[in-house]
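Numbering (my numbering), first residue to last: 385 to 1269. Yeah, the Cβ is synthetic: ideal placement off N, Cα and C, and Gly gets one too. In this text, all values refer to a predicted model and were calculated from it rather than measured experimentally. Below is one structure, written out as structure tokens; comments come after it.
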RNA sequence: GGGCGAAUAGCUCAGCUGGGAGAGCGCCUGCCUUACAAGCAGGAUGUCGGGGGUUCGAGCCCCUCUUCGCCCACCA
């Protein structure tokens, strides 16, 4: 039967075809009842609003490689997919839609709004799942979960109630980070600090009963409306006499005390600090220490409230300008300095956050963090690269209680009910009907929802059916590995560790592989505003998913960011193409070949056969090791150089004579090795480039035990025992061929022209190697007449090179430019001479000889000897050339 | 303010526990050799950021300086 590949590889068509077949056949399905050892990964759930970006592409390519590899090594693989409801982000998307219709969520009301979000999710949410399929991701899609699913919601409630029962959840009235646009509290992590150019305003506060002013410096003059005191350092001579006195707060005409607190830095600003306990975290603490009044001057939109007197109704920014202007009018503005400081922004909408006083729900995470620290310390979970463990410990050790309530509508509503009668709170797994304290049925459910990251923290077990004790949990928890970026190490990884240990009693994953960030070619972070975003789907369309995956893999060196450019992807597209063409070549020569009847052990393998089989075995071993170590770039590099530079450049060329020749035994032998190596190579490459390998593998002749390459065994070693001496012999032949090619190049011999070559062998052993490989030399180096032997007579005029212990001579009577040849030899000799001197000196150093390990000594002695021999030969050649002059 | 990382060929980067520096792309020369010009053969290219130290031996270990990134942090 004729099975051929088309001349050009068409990724789009092939990718679509195979992905459909794989998915329809259920090839990605995980069987929790299977006996095979488990391997499991939970996907970092992309936001349901998400669009595939480079970070996702890298993240999921690496996960897919691991999953495909593990599947092929006999594991039962579960790659659990799903999406995150992304509370604030999703609510923002739907709110924007409403705004476009000239409406807002308050008009709809909570229930209708939430309904609308669900509707949005049905229609346009989760497109990222489809996009992942374009990359070839082999998630078990039948298990796809969503953090707002019924089951996951149940897990969320269970966790909340149990934490509450354990006293680890509490409510408190504190300053929190408030986004005036999203109208919600945020956790500390959700605030991003940006250094911004601003000003330091120096304000004068009149001291009551004197004509003095006390100058205070502030970056936020509008907060003066809420000042409760001015603080100075107790030992500050300048202000000592003012402590205990009062100043008159301008514009609002309130008297506030001057207090002493060591928090104040005498060196900074004027050394006097206005204290606004309701709008600054430090001031809040100072306020607590001194029993100061909390004056809240803002409403939830960041507009000045009734406490702001005549500024009521002004936006905080407008109020700032107005207040500065008014102070200036009254001569109370001392000066304005330029000043840069870190301003907190909402990580979802970039609005400047306000420290804001409100009652929120908290999780006391310290006890959970202790467990999470211990689990990494004792190695139950390994974080790679290891340097991230330090960052992890650092954060865990300094962890603050987690504010988990959000004042938005989209999310898991907190399962707590307030009693109108007794005022107590009832926390319950089921919707509460009556107050757990007084039995009243006048209950109102808490309107707040939970932080999105609360449900993500449960992901490794909630997706497997917890709180039920499912067989999936039994089989696949703890998961084998988590692949993620460092940007969510705290948001997500740390919290999963805490929750997993608390509720499963076991770590959620045994290993965490933290990969790099994908940047643009200049090393800039990709962002829409910079316009330097490369869209993964466009790349897939243009270069094919395999080329793209290979690029990401090849650059995924541990701990280093990836600078991606399309030229690089082009390079790996060429690689895919190379494999395609080599396979076409193979198929053309395997038309009459049946792998069922061919057995490597039946043949007397040639040097080339043994060499390529040896190289294949080394590549297989190296690739497995690299993958086990998460050294994806190493795996990619090994596979690349084997495929291109060993298999294609050498082996395929070496067997052409056998394949084309009359000797049917030689032809069958070459076919068998060619088939064996190519078929194995496809399997070895499959985790990285799944599509093209499947396409080729399917058209290889003969039948194979599995329907898809993805179920075939992953090569771990060689096929037959290979004689290492044979490998060394082949390497000598290759050196000889390279030497002849090199001379041809130097001498500008036309590529088509066959030349005569004399090979002077130092030993009978190498002579026999040359005889054995004579055909190879002739064909790969385009040699016509070939004479070889020990101490064979040299041609009168020849150009010389040395390969191993073989002197390669190209006789070119009358064609050599004597001057040029002499110069070339002299250059070579000079180089060798330097080498000989280097090693001679090194080896005559007694301390070196005494201290260096024997292998090193032996190696260097060998090098010295080789260099000396080569030098001797070249010197003789030089003498002969000079004699011609 | 604390912590982390990077500096190696023109560009992008590998380089394991220290044993005379590598790849890809680009560049130069010659080739449409019946798998592949998205290709083949050959070639050039480096005070491994500066300085000091340890060692028989340092790109790798120690100290120090310089220049870039990143993360965390409540100096108004």
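Among 1111, 742, 705 and 1072, which has the Cα closest to the Cα of residue 1093? For the residues 1111, 742, 705 and 1072, the minimum Cα distance to residue 1093 belongs to 1072.
Leaving out five residues before and five after residue 1053 in sequence, what residues of the same chain have Cβ atoms less than 6 Å from its Cβ? If we look at residue 1053 and ignore the five residues flanking it on each side, its Cβ neighbours are 987.
Bridge partner(s) assigned by DSSP for residue 724: Note: residue 724 sits in a beta bridge opposite 581.
Determine the extent of the beta strand (DSSP E) in which residue 540 is found, giving its start and end residues. Counting along the chain, residue 540 falls outside any beta strand (DSSP E), though it belongs to the alpha helix (DSSP H) covering 534 to 549.
Rounded to whole angstroms, what's the CA-CA distance from residue 711 to residue 691? Just pull it up for me. 18 Å
Please report how far the alpha carbon of residue 975 lies from the alpha carbon of residue 1085, in whole angstroms. Distance between the alpha carbons of residue 975 and residue 1085: 7 Å.
Start-to-end residues for the alpha helix (DSSP H) that takes in residue 785: Here residue 785 belongs to no alpha helix (DSSP H), and DSSP marks it neither H nor E.
By DSSP, does residue 527 sit in helix, in strand, or in coil? helix
Residue 439 by DSSP, collapsed to three states: which one? helix
Does DSSP classify residue 826 as helix, strand or coil? It is coil, neither helix nor strand.
Own chain residues within Cβ distance below 8 Å of residue 386, not counting five before or after: Confidence in residue 386 is poor, its pLDDT being 45 and thus under 50, which makes the residue's placement unreliable; the coordinate value appears in the next sentence. Correct list, in chain order: 975.
For residue 965, which of helix, strand or coil comes out of DSSP? helix
If distances are taken between C-alpha atoms only, which option among 1161, 704 and 389 comes closest to residue 1124? 1161
Exposed or buried, residue 751, counting other C-beta atoms within 10 Å across all chains shown (16 or more means buried)? Burial call: exposed.
Please give the ranges of any beta strand (DSSP E) in the region 463 to 528, keeping only runs that are unbroken, at least 3 residues long and fully inside the region. Counting whole runs of 3 or more residues, the region 463 to 528 contains no beta strand (DSSP E) stretch at all.
Where the alpha helix (DSSP H) containing residue 1024 begins and where it ends: Looking at the DSSP string, the run of the alpha helix (DSSP H) that includes residue 1024 is 1016 to 1025.
Tell me, please, whether the region 481 to 495 touches the region 878 to 897 by the rule of three or more beta-carbon pairs shorter than 8 Å. By the C-beta criterion, the region 481 to 495 is judged not to be in contact with the region 878 to 897, since fewer than 3 inter-stretch pairs fall below 8 Å.
Just the C-alpha distance for residue 1002 and residue 989, rounded to the nearest angstrom, thanks. 18 Å
Taking 9 Å as the threshold (C-beta atoms), are residue 583 and residue 403 in contact? Cβ atoms of residue 403 and residue 583: not closer than 9 Å.
Curious, which full-length alpha helix (DSSP H) runs of at least 4 residues does the region 1113 to 1168 contain? Listed in chain order, they are 1148 to 1156 and 1158 to 1164.
Residue of 1000, 1040, 1223 and 901 minimising C-alpha distance to residue 946: Comparing Cα-Cα distances from residue 946 to each of 1000, 1040, 1223 and 901, the minimum goes to 901.
What do you get for residue 1172, buried or exposed, if any count of 16 or more other CB atoms within 10 angstroms of its CB means buried? If you draw a 10 Å sphere on the C-beta of residue 1172, you find 16 or more other C-beta atoms in it, and that means buried.
When DSSP labels each residue in this structure, what does residue 604 get in the three-state scheme? Coil at residue 604, not helix or strand.
For residue 696 and residue 707, believed in contact at Cβ under 8 Å, the rounded distance: That pair is no contact at about 13 Å.
Would residue 571 pass as a contact of residue 786 if the rule is Cβ separation under 9 Å? yes
Return the chain-ordered ranges of every alpha helix (DSSP H) run that is complete within the region 974 to 1047 and spans a minimum of 4 residues. 991 to 1012, 1016 to 1025 and 1040 to 1044
Quick check on residue 720: buried or exposed, where buried means 16 or more other Cβ atoms within 10 Å of its Cβ? exposed
Should residue 1127 be labelled buried (16 or more other beta-carbon atoms within 10 Å of its own) or exposed? Classification of residue 1127: buried, given that the 10 Å Cβ count is 16 or more.
Tell me the residue span of the beta strand (DSSP E) that contains residue 740. 738 to 747
CA nearest to the CA of residue 1159, picked from 560, 1120 and 443: 1120
DSSP three-state label for residue 674, please. helix
Using CA atoms only, rank isn't needed, just tell me which of 1110, 845 and 977 is closest to residue 1051. 977
So, helix, strand or coil for residue 716, using DSSP? coil
If you check the beta carbons only, do residue 716 and residue 587 fall under 9 Å apart? In this structure, residue 587 lies closer than 9 Å to residue 716 by Cβ.
So residue 435 and residue 512 are supposed to be a Cβ contact under 8 Å. How far apart are they, rounded? That pair is a contact at about 6 Å.
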